[in-house]
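**Q** Handing you this structure, nothing more for now.
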Amino acid sequence: MLVNIQKLLPLAINAAEKAAIAILDVYNSGDFDAEAKSDNSPLTRADKNAHEIIVKILSESNLPVLSEEGRDIPYAERKQWEYFWMVDPLDGTKEFIKRNDEFTVNIALICNNSPVLGVVGVPVTGDLYYATLGNGAYLRRGGAERKLPYRPSINMQQAGLRVVASRSHMNQATGSFIHALNHAVLVSAGSSLKFTLLAEGKADLYPRFGPTMEWDTAAAHILVIETGMQITLADTNFPLRYNKENLLNPDFLCAPVGKE
7 MLVNIQKLLP LAINAAEKAA IAILDVYNSG DFDAEAKSDN SPLTRADKNA HEIIVKILSE
67 SNLPVLSEEG RDIPYAERKQ WEYFWMVDPL DGTKEFIKRN DEFTVNIALI CNNSPVLGVV
127 GVPVTGDLYY ATLGNGAYLR RGGAERKLPY RPSINMQQAG LRVVASRSHM NQATGSFIHA
187 LNHAVLVSAG SSLKFTLLAE GKADLYPRFG PTMEWDTAAA HILVIETGMQ ITLADTNFPL
247 RYNKENLLNP DFLCAPVGKE
């Protein structure tokens, strides 16, 4: 199958921007109940509305979509896909409920188990991060667009490495990893914003020793690849892969390619 990845980028950006607007409509509504757990909770409505918008827009590509909201597609069917969209309509459930603004829209294009296009939209700030394989990563902020710089190598023994960790999912294994570093500085963030900190050069490492799903990482994965980083399985050099039978990610480390 011949797919022009660069021509699909505006489609993904449009889907992320429209979904962000729909999410904000719910987030800023007067009837928001942060503790609601019913099927009609603001969180559920925001997820559903964003999902429907994204799927409708991406349908123009005639490629299949695997979304957190449509996760039940059988592996026997999706393992045949060469290209497909992997989507998290609203990443950062706990952040959304806490109303701390740290949630995102994630849209990735996967080819043969690896991301080749990614868009991460931040509804509250309007920031938009995007990348395609081999073309660099970009940030659109406040009407201005800039290419994100390529990351230099780091020494794992150097003092003061900035380690990004989940605001809501810190655990003992992550704490032990950070403690073993040389006076590491902890940088906290929710959702895929952890990866955007790395892509912008505001953090150096992201150890994740706890559950994430493929749609949590796919869009931002290509951002960090295009800024000189890699995501490898914990204690190995094998890259994180997508469209596995089990969509749960193993533990991983995101770090510059040139780490020593």
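Counted the way our numbering counts, the sequence shown spans residues 7 to 266. Even for Gly, the Cβ is constructed at its ideal location relative to N, Cα and C. Since the model is a prediction, treat every value here as computed from it, not as a measurement.
#1: Taking 8 Å as the CB-CB cut-off, is D257 touching chain B?
#2: Identify whether A240 lies in helix, strand or coil by the three-state DSSP scheme.
#3: Taking just the CA atoms, how far does E23 sit from K3?
#4: Where S35 and A21 are concerned, what is the direct C-alpha to C-alpha distance, given to the nearest angstrom?
#5: Does the Cβ-Cβ distance between S198 and T110 come in under 8 Å?
#6: Assuming L145 is part of the beta strand (DSSP E), what are its boundary residues?
#7: Mind the definition here: the segment 104-120 touches the segment 128-144 only if three or more C-beta pairs lie below 8 Å; say whether that holds.
#8: What's the call for S172, buried or exposed, on a 16-neighbour Cβ count within 10 Å?
#9: Could you give the distance in angstroms between the alpha-carbon of R247 and the alpha-carbon of L96?
#10: Starting from the N-terminal side, write out each stretch of the alpha helix (DSSP H) that is 4 residues or longer and does not extend beyond the segment 84-146.
**A** Checking against the coordinates, here is how it stands:
#1: Looking for chain B here will not work: only one protein chain is present.
#2: Note: A240 maps to coil in three-state DSSP.
#3: Residue numbering for the chain in the displayed model covers 7 to 266; residue 3 lies beyond these limits and cannot be assessed.
#4: Rounded to the nearest angstrom, the gap between the Cα atoms of S35 and A21 is 21 Å.
#5: Taking C-beta atoms as the reference points, S198 and T110 count as a pair closer than 8 Å.
#6: Per DSSP, L145 belongs to the beta strand (DSSP E) from A143 to R147.
#7: With a cut-off of 8 Å on Cβ pairs, the segment 104-120 is in contact with the segment 128-144, counting three or more such pairs.
#8: Looking at its Cβ environment, which holds 16 or more other Cβ atoms inside 10 Å, S172 is buried.
#9: Here the C-alpha atom of R247 lies approximately 21 Å from the C-alpha atom of L96.
#10: Complete alpha helix (DSSP H) runs here, min 4: 99-104.
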